[in-house]
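For the sequence shown, full-length UniProt numbering gives the first residue as 1, with consecutive numbering after it. Down below is the structure, laid out as structure tokens.
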Amino acid sequence: RKCDSNEKPISCSECGEMFKKKWDLKIHMKTHTGEKQHIEKPFRCDVCGKRFSLKKILNKHMKVHTKERPFSCDAFGERFKLKEILKKHMKVHTEEKPFSCDVCGKRFKLKAILNRHMTVHTEEKPFSCDVCGKRFKLKAMLKPHMAVHTDERPFSCDVCGKRFKLKDTLNKHMAGHTEVKPFSCDVCGKTLFSKSSLKVRPMPSVFQHIFYLL
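Pasting the structure below:
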């Protein structure tokens, strides 16, 4: 039915705003009752109750509540629920490093890696050894330490096959297969494989010992 031009406007009892049609007033009243959301976002998730303006957005949201992972990584085949998560993951396979350290400026692909790196600039040592209680800044530092408390010897010599618990011990051992002797005695000039050998090495003579003290 056409609206009568002589029809008196209707006012909102809540705010006094005037409307020519009852329908317009009815829609407006929902702003005072909280029902406007049901008009602007008519599609509701049956699981969590969240509302959406479009059904396609609701369908996309529903994947959060299911095990469906339609988006896959072309590099490793790992699957994700949402395209946005896949896009974030793909940065791992590129040179893009959007997260930078405010202290040293080093850049990282993922924020989680940046957060782990930040412990280097602090005294925080969140990873502790269950055996001796020694604490470490990084989990990668704790893992090789744990080998000290076990019989695990993950580092092997390529020359003789001997195995070691720590990589540092392997490196010292490897010097024995080469002519490299990086540590030299300040008294006699003799070169040795390790610094510890240099410390415990007896002085060649009393005269050289006196000279060394001077």
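Built from N, CA and C at the ideal position, the CB exists for glycine as well. Note that the structure is a prediction, hence the values are computed from the model and not measured.
Listed in chain order, the non-local C-beta contacts of K22 below 7 Å within the same chain comprise I10, local neighbours out to five positions each way being set aside. Put simply, the backbone Cα of I27 is about 11 Å away from that of C12. Taking C-beta atoms as the reference points, C73 and M90 count as a pair closer than 8 Å.
Between K67 and the set F80, D151, K41, the nearest pair of CA atoms involves F80. Around V120, the same chain offers K137 as residues with beta carbons nearer than 7 Å, after the five sequence neighbours per side are excluded. Going by C-alpha positions, G176 is about 10 Å away from V159. Annotated three-state conformation of R116 is helix, per DSSP. Close CB contacts of L142 within its chain, under the 8 Å cut and outside five residues either way in sequence, are with F127, S128, C129, F136 (chain order).
In this structure, the straight-line span from the alpha carbon of F108 to that of R116 is close to 10 Å. The secondary-structure analysis by DSSP pairs R135 across a beta bridge with S128. Distance from the CA atom of L114 to the CA atom of K125, rounded to whole angstroms, is 16 Å.
For K165, the number of other beta carbons within 10 angstroms of its own is at least 16, and it is reported as buried. Cα atoms of R44 and N59: separation of roughly 10 Å, rounded to the nearest angstrom.
K41 has its alpha-carbon roughly 15 Å from the corresponding atom of C48. Each residue's CA atom was taken as its position, placing K20 and D46 some 38 Å apart. Counted as a single uninterrupted DSSP element, the alpha helix (DSSP H) harbouring T169 occupies residues 167-174.
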